[in-house]
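Here is the structure we will look at.
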Amino acid sequence: AQSVTQLDSHVSVSEGTPVLLRCNYSSSYSPSLFWYVQHPNKGLQLLLKYTSAATLVKGINGFEAEFKKSETSFHLTKPSAHMSDAAEYFCVVSDLSGNTPLVFGKGTRLSVIA
Amino acid sequence: DTEVTQTPKHLVMGMTNKKSLKCEQHMGHRAMYWYKQKAKKPPELMFVYSYEKLSINESVPSRFSPECPNSSLLNLHLHALQPEDSALYLCASSRGGLAGGYNEQFFGPGTRLTVL
Numbered sequence: 001a002q003s004v005t006q007l008d009s010h011v012s013v014s015e016g017t018p019v020l021l022r023c024n025y026s027s028s029y030s031p032s033l034f035w036y037v038q039h040p041n042k043g044l045q046l047l048l049k050y051t052s053a054a055t056l057v058k059g060i061n062g063f064e065a066e067f068k069k070s071e072t073s074f075h076l077t078k079p080s081a082h083m084s085d086a087a088e089y090f091c092v093v094s095d096l097s098g099n100t101p102l103v104f105g106k107g108t109r110l111s112v113i114a
Numbered sequence: 001d002t003e004v005t006q007t008p009k010h011l012v013m014g015m016t017n018k019k020s021l022k023c024e025q026h027m028g029h030r031a032m033y034w035y036k037q038k039a040k041k042p043p044e045l046m047f048v049y050s051y052e053k054l055s056i057n058e059s060v061p062s063r064f065s066p067e068c069p070n071s072s073l074l075n076l077h078l079h080a081l082q083p084e085d086s087a088l089y090l091c092a093s094s095r096g097g098l099a100g101g102y103n104e105q106f107f108g109p110g111t112r113l114t115v116l
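Chains as they are written, first to last, in the numbering used here: chain F, 1 to 114; chain R, 1 to 116.
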């Protein structure tokens, strides 16, 4: 079985300061891990994915995430927040073979203050 | 082209109406999905089509009827819906099969459905 826990339901940062969105996962299989972003009234956009290659994964818009197997974590970071980063972020787990549906975390709402 | 398109963007319907949601992708993906998303919640999987065959139905009420006419199109037929069915309905696609299965799904912008 697989599950995802997003440790914060809401994170608020000032523009230009670092962003950290935390995600822990549980998986019976070798996991694939994803971060998706959803802006208000929009669909989900893939930010980045981990599929057993490099543990530090770079995504779009300056985001990156590090897969830490010992900590079962896949936290999302960005060095400097921009107003346009304000959105809902979902951490998602699947198994490496892709044979199980995606399991979504409950989401973290990121607010960016000017 | 890495886009999934959905029509209509918005839909308002009464409980006795019949309507359809449409989804299209031209990425050559062989797996397509319908999700339902309520406000401030993650998407919930409804249906999965793999190679144009229904492979997962997550115990969705029969008032929702999916259809996959070909590998690029996915429809969701709606009939006798309830007000609690109001939500954002998202379509997604992925490569499918042994080449990646359910992973790396691309989502459409969604249809905002309101049932009166």
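Glycine is no exception: its CB is placed at the ideal position from the N, C-alpha and C atoms.
Our two residues, residue 9 (chain F) and residue 108 (chain F), have alpha carbons roughly 4 Å apart in a direct line.
The region 9-17 of chain R makes no contact with the region 28-36 of chain R, as fewer than three CB pairs between them are under 8 Å. The closest CA to that of residue 69 (chain R), considering only R:113, R:17, R:32, R:8, is found on R:32. Using a Cβ distance threshold of 7 Å, residue 55 (chain F) and residue 66 (chain F) count as a contacting pair.
Residue pairing from DSSP leaves residue 29 (chain F) without any beta-bridge partner. In this structure, the straight-line span from the alpha carbon of residue 9 (chain R) to that of residue 108 (chain R) is close to 10 Å. In this structure, residue 45 (chain R) sits away from residue 40 (chain F), with a CB-CB distance that is not shorter than 7 Å.
In this structure, R:90 is the residue among R:90, R:95, R:74, R:57 with its C-alpha nearest to the C-alpha of residue 43 (chain R).
With a beta-carbon spacing of about 5 Å, residue 31 (chain F) and residue 93 (chain F) fall inside the 8 Å limit used to define contacts. The region 71-83 of chain F makes contact with the region 14-28 of chain F: 3 or more CB pairs, one atom from each, lie closer than 8 Å. Beta-carbon to beta-carbon, residue 87 (chain R) and residue 22 (chain R) are separated by about 17 Å, too far to satisfy the 8 Å threshold. Residue 75 (chain R) sits in a strand when the DSSP states are folded into three classes. Secondary structure at residue 66 (chain R): strand, using DSSP grouped into helix, strand and coil. Just so you know, the alpha carbons of residue 72 (chain R) and residue 66 (chain R) end up roughly 14 Å apart. In this structure, residue 83 (chain R) lies away from residue 60 (chain R), with their beta-carbon atoms at least 7 Å apart. Beyond the five residues adjoining it in sequence on each side, residue 27 (chain F) comes within less than 7 Å, by CB distance, of 2, 93, 95 in the same chain, given in chain order. By the neighbour-count criterion, in which a residue is buried when 16 or more other Cβ atoms sit within 10 angstroms of its Cβ, residue 53 (chain F) is exposed.
F:74 is the residue among F:74, F:15, F:57 whose C-alpha sits nearest the C-alpha of residue 105 (chain F).
By the neighbour-count definition (other C-beta atoms within 10 Å, threshold 16), residue 69 (chain F) is an exposed residue.
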